[in-house]
Amino acid sequence: MTSPAVIADRLTVRFGDFTAVAEVSFEVASGEIFGFLGANGAGKTTTIRALCGLLKPTSGRVVVAGHDASHGLTPIKLRVGYMSQRFTLYDDLTVAENLAFTAALRKIPDAKLRQRKKELFGLVGFDQAESTMVRDLAGGFRQELSLAAAMLHDPEIVFLDEPTAGVAPAARARFWRLIRRIADSGKTVFVTTHYMDEAEQCGRIALMRAGKLIALDSPEGLKKSTFPEKLYELTPAAESSRATMERVRSDASVREVKTYGLHYHVSARDAAGFGRLVRDLGAHVEVREIAPSLEDVFIRLVEGKDR
Amino acid sequence: MEGIGIDVTGLSKKLGPTQALDRLNLKIEPGLLHGLIGPDGAGKTTTMRMLIGLLRPDAGRVSFHRGGSPVAFDEIRPGMAYMPQRQSLYADLSVSEHLDFFRDLYRLPADVYARRRQELLSITRLEKFVERPAGQLSGGMYKKLGLMCALLQSPNVLLLDEPTNGVDPISRREFWDLLYRIIEEGKTTVVVSTAYMDEAERCARVHLIDGGRTLAEGAPRAVLREAGVANFDELFLKRETAAK
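Top to bottom, those sequences are chains A and B. Using my numbering, read the first sequence as starting at 675 and increasing by one per residue. Using my numbering, read the second sequence as starting at 17 and increasing by one per residue.
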């Protein structure tokens, strides 16, 4: 068995008197696709920055690719790739210039750069001209190029901070096929996302809330533990939809109601009582039992005032 | 005061080599929540920019009406707010400074400003972050700040270009609760573009756009029924398959 790619042991990061990350502990296995979820501002980016060696933890232990952060951050920086949420490429440089710049920062020799470019363009399926200005690349290609830049020095672990934010659905799907290819090649992928269809594709998911780790499991495991009771999808008839949903919300058998477009996800506190409610509503509503989605899980675990 | 409606007829626009809009028609009804949906490059952003007067059409027109009578764009424009998709706030100004800045732009009286500011900070839960510079806000908070700036003057037309893209599931729902509250006040016509199909279903009217043209428009249920599909994902999938 290989040692974990990432160990965080009671990792804590404070900025002044604001605690961004509080006593967070987890391990990421080598070759795993590890999803890191949480509301905006839950401490995901701060955790990533601590794990990439960009930020010194206030307390706690960080071991990345076998290197303890307390012994120096440089060995970690050499072994991780980081695709930041904010800034990854220079808009007014071409594709080739951006990669040459990254290579210069990483002290990668020209011959090696040429070889890596070829490998990475093949891997990420990037087929745009190298003379294209980055500002002229469409959303999806830009993400592919950012990823190639983050992997130029052949890191063991890549940290992707919301790599698909603002990207169209088709391009997101393509990017995730790429993430799977990277994991299949033995690298560890640590990824944050707000798209729950993407989170479904992770091996395990860690869920952050207000700087604390509140859940860590496979997508299936999270669904089972978060929703021990049954979940239903209700579709009210258009004419009476408001009255129907008011009645559902106020019924004692109903635990929670969440809006999903024209439908509602309803969890029942008392299955028999809920059965009676559905019979009473008759043709005013269509009901089917469904498996919870990760969005259901996310909302139940993270919702509340303090997050 | 009655809400503002917008009629878009035969709108065309070429951007470089691309025919961004190709005789686009839209009927935006007063006081309703309208959704523009369609793939990347469909023409949603160009449409928004036309509505707010940032781009001139090559052909066709955008006309506004209130209570059945036409109104000039110049009369409407001060009451319109637009939240672009791209980051457009000042990275080194704090949340509080942004609100002050927009107060001055809109020339809001002190009491109106104080009330509105408090209201918006409380709904968006940004009270704790008023001193934080926009450049250090997370994705969701940044979008909320953008919306706050747009809402500060109680606009009568609100244009939001993919406001929830990259926002976590709960903030996304809160954002929609906020939109519903604005709609319920009845004074604002809202046009929002989105790639989330569950959000499309929550609009009073949806406009399916592709290749710079409107493919279908109407109440979500009616549009889905017409197309014979259960949801919008299926609808777009069907179109994609048909195209291949």
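Each residue gets a CB set at the ideal place from its N, CA and C atoms; glycine is no exception.
Within 7 angstroms of the CB of Pro-843 of chain A, the CB atoms of chain B belong to Ala-211, in sequence order along the chain.
Between Val-207 of chain B and His-81 of chain B, the C-beta spacing is not below 8 angstroms. For Arg-916 of chain A, the uninterrupted alpha helix (DSSP H) segment begins and ends at 915-924.
Under a 10 Å Cβ-count criterion, Lys-718 of chain A is classified as buried, with 16 or more other Cβ atoms of the shown protein chains found around its own Cβ. In the DSSP assignment, Lys-897 of chain A falls outside any beta strand (DSSP E) and within the unbroken alpha helix (DSSP H) covering 893-900. With 16 or more neighbouring CB atoms inside 10 Å of its own CB, Glu-233 of chain B falls in the buried class.
For Met-870 of chain A, no pairing in a beta bridge is given by DSSP. Between Lys-159 of chain B and Val-183 of chain B, the gap from beta carbon to beta carbon is short of 8 angstroms. Taking the Cα positions, Ala-258 of chain B is about 26 angstroms away from Thr-63 of chain B. Among the residues of the segment 748-772 of chain A, those with a Cβ less than 8 angstroms away from any Cβ of chain B are Gln-759, in the order of the chain. His-741 of chain A has its alpha-carbon roughly 12 angstroms from the corresponding atom of Ala-682 of chain A. Secondary structure at His-827 of chain A: coil, using DSSP grouped into helix, strand and coil.
Spanning the alpha carbons of Leu-752 of chain A and Gln-817 of chain A requires a straight line of approximately 22 angstroms. Counting only unbroken stretches of 4 or more residues, the alpha helix (DSSP H) elements lying wholly within the segment 69-108 of chain B are 89-92, in sequence order. Leu-115 of chain B and Leu-168 of chain B do touch by the CB rule: their CB atoms are close to 7 angstroms apart, below 8 angstroms. The beta carbons of Val-922 of chain A and Leu-905 of chain A sit no closer together than 8 angstroms.
The three-state reading of DSSP puts Pro-749 of chain A in helix, counting H, G and I together. Taking a Cβ-Cβ cut-off of 7 angstroms, Val-239 of chain B has no neighbours in chain A, whose nearest Cβ is about 11 angstroms from it.
According to DSSP, Glu-960 of chain A shares a beta bridge with A:Thr-909. Within chain B, no C-beta atom comes nearer than 7 angstroms to that of Gly-885 of chain A; the closest sits roughly 13 angstroms away. Listed by position along chain B, the residues whose Cβ is nearer than 7 angstroms to that of Gly-840 of chain A are Asn-181, Gly-182. For Leu-787 of chain A, the enclosing alpha helix (DSSP H) covers residues 784-798.
Close CB contacts of Thr-776 of chain A within its chain, under the 7 angstroms cut and outside five residues either way in sequence, are with Ala-823, Leu-826 (chain order). When Cβ-Cβ separations below 8 angstroms define contact, Leu-936 of chain A makes contact with chain B. The three-state reading of DSSP puts Thr-205 of chain B in strand, counting E and B together. Counting C-beta pairs with one atom in each stretch, the segment 90-106 of chain B and the segment 30-40 of chain B have fewer than three that are closer than 8 angstroms, which means they do not touch. Close partners of Ile-186 of chain B in chain A (Cβ separation under 8 angstroms): Ala-713, Phe-972, Ile-973, Val-976, Glu-977, Arg-981. Taking 3 residues as the shortest admissible run, the segment 176-256 of chain B contains the following complete beta strand (DSSP E) segments, listed from N- to C-terminal end: 205-209, 221-226, 229-234.
Between Ala-235 of chain B and Arg-221 of chain B the beta-carbon gap is near 6 angstroms, inside 8 angstroms, which marks them as a contact. Within chain B, Arg-237 have C-beta atoms less than 8 angstroms from the C-beta of Ala-912 of chain A, given in sequence order. With contacts defined as CB atoms closer than 8 angstroms, Gln-101 of chain B and Asp-177 of chain B qualify as a contacting pair. Counting of Cβ neighbours within 10 angstroms places Phe-689 of chain A among the exposed residues, the total staying below 16. For Glu-872 of chain A, the closest Cβ of chain B is not nearer than 8 angstroms. The alpha-carbon separation between Ser-941 of chain A and Arg-788 of chain A amounts to approximately 56 angstroms. Annotation: Ile-198 of chain B to Pro-678 of chain A spans about 50 angstroms, alpha carbon to alpha carbon. Taking a C-beta distance under 8 angstroms as the contact criterion, Leu-37 of chain B and Leu-27 of chain B qualify as a contact pair.
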